[in-house]
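What follows is a short report on a single structure.
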Amino acid sequence: MDERLQPVSSSPYAQAGGIAAQQQRVLRNTYFLLALTLIPTVIGAAIGTNIDLSFMRASPILSFFAVLAIFYGWVYAIERNKESALGVGLLLGFTLFLGLLLGPLLQRTLGLSNGVQLVMMAAGGTAAVFFSLSAVAATTKRDFSKLGSFLMVGAIVIMLAVVANVFLQSPVMHLVLLVGFVILSSVMILYYVNSIVHGGETNYVSATLSLYIAIYNLFSSLLQLLGITSNND
Numbered sequence: 001m002d003e004r005l006q007p008v009s010s011s012p013y014a015q016a017g018g019i020a021a022q023q024q025r026v027l028r029n030t031y032f033l034l035a036l037t038l039i040p041t042v043i044g045a046a047i048g049t050n051i052d053l054s055f056m057r058a059s060p061i062l063s064f065f066a067v068l069a070i071f072y073g074w075v076y077a078i079e080r081n082k083e084s085a086l087g088v089g090l091l092l093g094f095t096l097f098l099g100l101l102l103g104p105l106l107q108r109t110l111g112l113s114n115g116v117q118l119v120m121m122a123a124g125g126t127a128a129v130f131f132s133l134s135a136v137a138a139t140t141k142r143d144f145s146k147l148g149s150f151l152m153v154g155a156i157v158i159m160l161a162v163v164a165n166v167f168l169q170s171p172v173m174h175l176v177l178l179v180g181f182v183i184l185s186s187v188m189i190l191y192y193v194n195s196i197v198h199g200g201e202t203n204y205v206s207a208t209l210s211l212y213i214a215i216y217n218l219f220s221s222l223l224q225l226l227g228i229t230s231n232n233d
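Taking my numbering, the leading residue of the sequence shown gets 1, the next gets one more, and so forth.
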């Protein structure tokens, strides 16, 4: 993969500086590719919203593990090909797939009287969190690499809880998991952007994949929380 996806040019971060040219290039390329992933995500979400995916609810346990297998298999394929153009293609296909999976959630939300408003609020909240944490991570001199162990433990705990709740179907646990995803996703954004700035992550495909998953989980969790709040009003 050609790391010169976009040319290096001056930016406020570089001038205020302190970001080396290589890190700046990776950061710019990551933001560019991240913006590009929104296109297949929106297309996938539009398709998913207008087709019937109720068959997944007919066998929720089987559907969950099937989606989980596809998810991690796709992530593995992207990481294996992150140095080639195939990695970018796989990443864009992955975001189309995840956009498709947003369909049922969007259908339920848009079925509410204030559904459109809730979607806009979730999108706005996600954007606000991403841009504010990205700015902090890119401009601070602090190294957040120590958060890596927290993220690993947090991800394992949340994933085990998600699997458990597939069988338990506990509304309270589901609510706790949504809050957990919001917190974990926010920390992921801070960690990965900071990792790019400090040279810990040098491949923009991997960086984009990590940030995309964080943003995706943040948006879907916020939307579900807003939907729950709206239903309780």
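Ideal Cβ placement from N, Cα and C applies to all residues, glycine included.
Beta-carbon separation of L34 and I215 under 9 Å? yes
Leaving out five residues on either side along the sequence, give the residues of the same chain with a beta carbon under 6 Å from the beta carbon of V41. Contrary to the premise, residue 41 reads as Thr rather than Val in this sequence. The answer, listed in chain order, is T95 and G99.
Which of the three DSSP states, helix, strand or coil, is assigned to R80? helix
Use the C-beta contact count for F167: other C-beta atoms within 10 angstroms, 16 or more gives buried, fewer gives exposed. exposed
Bounding residues of the alpha helix (DSSP H) (the contiguous stretch that carries S149): L147 to L168
Just confirm the distance between the C-beta atoms of V197 and L177, as a whole number of angstroms; I'd bet it's less than 8 Å. Between L177 and V197 the Cβ distance is about 30 Å, and since that is not below 8 Å, they are no contact.
Looking at the structure shown, is L102 part of a helix, part of a strand, or coil, going by DSSP? L102 sits in coil when the DSSP states are folded into three classes, being neither helix nor strand.
Assuming P104 and L53 are in contact, meaning their beta carbons sit under 8 Å apart, how far apart are those beta carbons, in whole angstroms? 5 Å
If you draw a straight line from the alpha carbon of R57 to that of L36, how long is it in whole angstroms? 31 Å
Using the Cα positions of K291 and V187, report the straight-line distance between them to the nearest angstrom. This structure does not reach residue 291, given that the chain is present from 1 up to 233, and the question cannot be answered.
When you compare each of L92, S63, V182 and F65 to A77 by their alpha carbons, which one comes out closest? L92
Please identify the residue among F150, M121 and G199 whose C-alpha is closest to the C-alpha of K141. G199
Collapsed DSSP secondary structure at S59 in the structure displayed: DSSP places S59 in coil when its eight states are reduced to three.
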